[in-house]
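Numbering (the working numbering), first residue to last: 1 to 150.
C-beta: ideal position from N, C-alpha, C; glycine also.
Here is the structure we will look at, set down as structure tokens.
Take a look at the structure:
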């Protein structure tokens with residue numbers, strides 16, 4: 001029996017994340033399992049405003065934006081993991097460790113964001129993330145976020 005994917009579209013992402021253009025950096029969730037993993041995509045296009053300055057003659061998607069994409073995917077997994085969450089609840093990027101960049105991400109690439117839940121302690125959640133393009137890891141990092149109510 002085939003494994004059915006459990007994803008969701010941009011409308012659900014917009015309900016969960018407070019980010020909006022130009023800072024929304026996740027386009028679609030392909031699959032996830034609450035409390036375990038999430039697989040999302042970010043389509044990188046030449047129309048993104050970051051490319052007017054990074055770098056006009058040789059456009060490269062900035063590493064900090066790759067990490068932000070991974071952080072947003074991490075937040076989505078957090079939101080999908082917690083049941084009965086408050087309307088005033090957010091997941092804030094708390095730390096990043098062991099970030100490694102393997103190759104540049106270019107306009108036209110589709111980044112596959114793979115996030116794995118590692119552990120939770122006192123409302124601090126730890127995840128491991130990889131961004132891949134064409135099956136090759138372009139970035140990996142340990143990500144932590146803090147669950148907060150406002």
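With respect to the 8 Å criterion, residue 78 and residue 139 are not classified as neighbours on the basis of their beta carbons. Assignment of beta-bridge partners to residue 140 by DSSP yields 100, 130. Bridge pairing for residue 38: 32, 115 [DSSP]. DSSP lists 43 as the beta-bridge partner residues of residue 110. Beta-bridge partners assigned by DSSP to residue 146: 92, 124. Using a 10 angstroms sphere on the CB of residue 135, the tally of other CB atoms stays under 16, which defines it as exposed.
Where residue 69 is concerned, the enclosing alpha helix (DSSP H) starts and stops at 63-81.
Within the same chain, and ignoring the five residues on either side of residue 34 in sequence, the residues whose Cβ sits closer than 7 Å to its Cβ are 80, 81.
Burial of residue 147 is indicated by the presence of at least 16 other C-beta atoms within 10 angstroms of its C-beta.
In the DSSP secondary-structure assignment, residue 105 is bridged to 61.
Using a Cβ-Cβ distance cut-off of 8 Å, the stretch 113-124 and the stretch 49-64 are not in contact, since fewer than three pairs of beta carbons, one from each stretch, lie closer than that value. In the three-state scheme derived from DSSP, where H, G and I count as helix and E and B as strand, residue 55 is classed as coil. Comparing alpha carbon positions, the residue from 132, 54, 73, 45 closest to residue 12 is 73. Closest in C-alpha terms to residue 58, from the list 69, 67, 46, 68, comes 46.
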